[in-house]
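So my numbering is basically just the index in the sequence shown, starting at one, shifted up by 11.
Glycine included, every Cβ here is placed at the ideal spot set by N, Cα and C.
Some notes on the structure that comes next.
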Amino acid sequence: MAQRDGFTSTFGVLVATLGSAVGLGNIWKFPYLTGTNGGAGFLLVYLLATLLVGLPVMIAEIMLGRTARANAVSTFEILSPKQPFWKAIGYMGLVAAVLILAFYTEVAGWVFAYVVKSLTGTLGHTDPSSAKATFGTLVSSPAQALSWQWLVLVITGGIIMLGVSKGIEAVAKKLMPLLFLLLIALCVRSLTLPGAAEGLRFLFAPDFSKIGTGVLLTALGLAFFKLSIGMGTMLTYGSYFRPEQNIPTTAARVMVADLSVSLLAGMAIFPAVFAFGFEPAAGPSLVFMTIPAVFDSMPGGRIFMTLFFILTAIASLGAMLSILEVPVAMMTERWSYSRKKATLITLAVVALLGAPASLSQSLTQDWKLFGLNAFDLFDYLSSNVLLPLGGILICLFVGWSYGIAKLSAGLSNDGQLKNRPLVRTLFVLLRYVSPLLIAIVMLKALGIF
Ligand code: PHE
Numbered sequence: 012m013a014q015r016d017g018f019t020s021t022f023g024v025l026v027a028t029l030g031s032a033v034g035l036g037n038i039w040k041f042p043y044l045t046g047t048n049g050g051a052g053f054l055l056v057y058l059l060a061t062l063l064v065g066l067p068v069m070i071a072e073i074m075l076g077r078t079a080r081a082n083a084v085s086t087f088e089i090l091s092p093k094q095p096f097w098k099a100i101g102y103m104g105l106v107a108a109v110l111i112l113a114f115y116t117e118v119a120g121w122v123f124a125y126v127v128k129s130l131t132g133t134l135g136h137t138d139p140s141s142a143k144a145t146f147g148t149l150v151s152s153p154a155q156a157l158s159w160q161w162l163v164l165v166i167t168g169g170i171i172m173l174g175v176s177k178g179i180e181a182v183a184k185k186l187m188p189l190l191f192l193l194l195i196a197l198c199v200r201s202l203t204l205p206g207a208a209e210g211l212r213f214l215f216a217p218d219f220s221k222i223g224t225g226v227l228l229t230a231l232g233l234a235f236f237k238l239s240i241g242m243g244t245m246l247t248y249g250s251y252f253r254p255e256q257n258i259p260t261t262a263a264r265v266m267v268a269d270l271s272v273s274l275l276a277g278m279a280i281f282p283a284v285f286a287f288g289f290e291p292a293a294g295p296s297l298v299f300m301t302i303p304a305v306f307d308s309m310p311g312g313r314i315f316m317t318l319f320f321i322l323t324a325i326a327s328l329g330a331m332l333s334i335l336e337v338p339v340a341m342m343t344e345r346w347s348y349s350r351k352k353a354t355l356i357t358l359a360v361v362a363l364l365g366a367p368a369s370l371s372q373s374l375t376q377d378w379k380l381f382g383l384n385a386f387d388l389f390d391y392l393s394s395n396v397l398l399p400l401g402g403i404l405i406c407l408f409v410g411w412s413y414g415i416a417k418l419s420a421g422l423s424n425d426g427q428l429k430n431r432p433l434v435r436t437l438f439v440l441l442r443y444v445s446p447l448l449i450a451i452v453m454l455k456a457l458g459i460f
């Protein structure tokens, strides 16, 4: 049997799992979706989705991976040899991984570009129109958009080729607390700006009239995207978990830490949005316009801003490596490909698919399907369709096919299960509550229900 790599310590497991969860989802996607979906009401639905659906699915995924000790397709073959159709979950995850990478590498490219821009001092402005112009020039220039994305692909590929993913984890482990501290400093600055209170109200005082079915699905999709679930990432990471690792505790810690980073990003951004007169519903450009404005109003702002974008770039690398792990683990274990070959193939597909996404503000802006350009389509299809669908299937698998006895066994550590009521509650969530909630939200958004 091939030797499988595993995580070497309990703390290492926590950090690696957190490294997958924390990324552009916190700094870029959470604030921009909160802005376009009306603020506090969206945040509330997102929190509920994370607790009632996200956490149970995350625990289930890690448990399945650790029990089977295999990639996302083989896991279902091993755990359910008589019902081979469950392995479709793994294949759907493969598609989702490629779709996510196709637009994620683009956004990571913008972050890398902003590292250079803040170093060279071309970001120093707090007025909305010049901030918009800087971002607009970057995304609407085909050469710039494409080359930054390719740089990200090369760096990510390079990290895997050189076999230094562990090194990145070690670096990320040391740097993440720094990102946390910088976010706190940003919050303090943002909250002391004149007019900050309006931003806080936007973020924390819900207006329920703004919560339509589209908002519900977006919040649910974000919960999946944030926790890296519904596509086999957590399952694959679970396959590297050690037998004595407590899965529910690890998952709960990751969820809390991840939420804290998102909330800090929100509190750094929204007060500034209102103080400087930005548009909360600006969309994907929101972070790239407001964060430089906050830094610009701080002493030593340029240095801290450079550091902030570097840390965000590193966080995005951690997330991208975990997404890549899904196809790479599958190809190496099922087809005996080398890690290099598997990575190269995946990245080549991502480059092909990613090009129309990164050119969607220029050359391919008229390429639309369902009214969405390539960038938005890949995002929508992955977060709002494939991940929740994967989530339902994982719930149904554990709740109706795998059963509570095996769930308990999978969650026990060396044969010891400390918390039976917790497993019961989890089982009820997985069997009834989570899949029903996902199904209702998806059917409603499609207009079927
Ligand atoms: N959770 C990551 C982020 O927020 C993105 C991600 C999605 C990673 C799906 C793995 C799988 O940036």
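In this structure, 254 is the residue among 65, 246, 153, 254 with its C-alpha nearest to the C-alpha of residue 428. In the DSSP annotation of this structure, the continuous segment of the alpha helix (DSSP H) that includes residue 399 starts and ends at 398–407.
In the displayed model, residue 457 falls within coil according to three-state DSSP, outside both helix and strand. Judged by DSSP secondary structure, residue 155 falls within the alpha helix (DSSP H) whose first and last residues are 153–172. Remark: C-beta atoms of residue 164 and residue 131 do not approach each other more closely than 8 Å. By the neighbour-count criterion, in which a residue is buried when 16 or more other Cβ atoms sit within 10 angstroms of its Cβ, residue 381 is exposed. Sorting 70, 45, 63, 62 by C-alpha distance to the C-alpha of residue 257 places 70 at the top. Contact check between the region 185–203 and the region 306–326: three or more CB pairs, one atom from each, fall below 8 Å, which counts as touching. Residue 191 has its CB no nearer than 7 Å to any heavy atom of ligand 1. If you check the CB distance, residue 395 and residue 229 come in under 8 Å. Residue 387: member of the alpha helix (DSSP H) spanning 385–390, first to last residue. Between the region 23–42 and the region 235–244, the count of C-beta pairs closer than 8 Å reaches three or more; the two stretches touch.
Among the bridge pairs identified by DSSP, residue 395 is matched with none. The C-alpha of residue 284 is placed about 33 Å away from the C-alpha of residue 262. The DSSP assignment places complete alpha helix (DSSP H) segments of no fewer than 4 residues inside the region 90–147 at 99–130, in order along the chain. Judged by the Cβ position, residue 36 qualifies as a neighbour of ligand 1 at the 7 Å threshold, a heavy atom of the ligand being closer than this. The beta carbons of residue 264 and residue 448 sit no closer together than 8 Å. By the criterion of at least three beta-carbon pairs nearer than 8 Å, the region 275–289 is in contact with the region 194–210. Pairing residue 227 with residue 452, the inter-Cα distance amounts to about 7 Å. Spanning the alpha carbons of residue 124 and residue 94 requires a straight line of approximately 48 Å. Annotated three-state conformation of residue 257 is coil, per DSSP.
Within the same chain, and ignoring the five residues on either side of residue 151 in sequence, the residues whose Cβ sits closer than 7 Å to its Cβ are 372, 373. For the 8 Å CB-CB criterion, residue 83 and residue 90 do not form a contact. Take residue 388, set aside five residues on each side of it, and the residues of its chain with a beta-carbon closer than 6 Å to its own are 380, in chain order. Straight through space, the alpha carbons of residue 27 and residue 363 are spaced by roughly 29 Å. By the criterion of a C-beta distance shorter than 7 Å, residue 102 is surrounded in its chain by 84, once the five residues flanking it on both sides are discounted. Annotated three-state conformation of residue 424 is strand, per DSSP.
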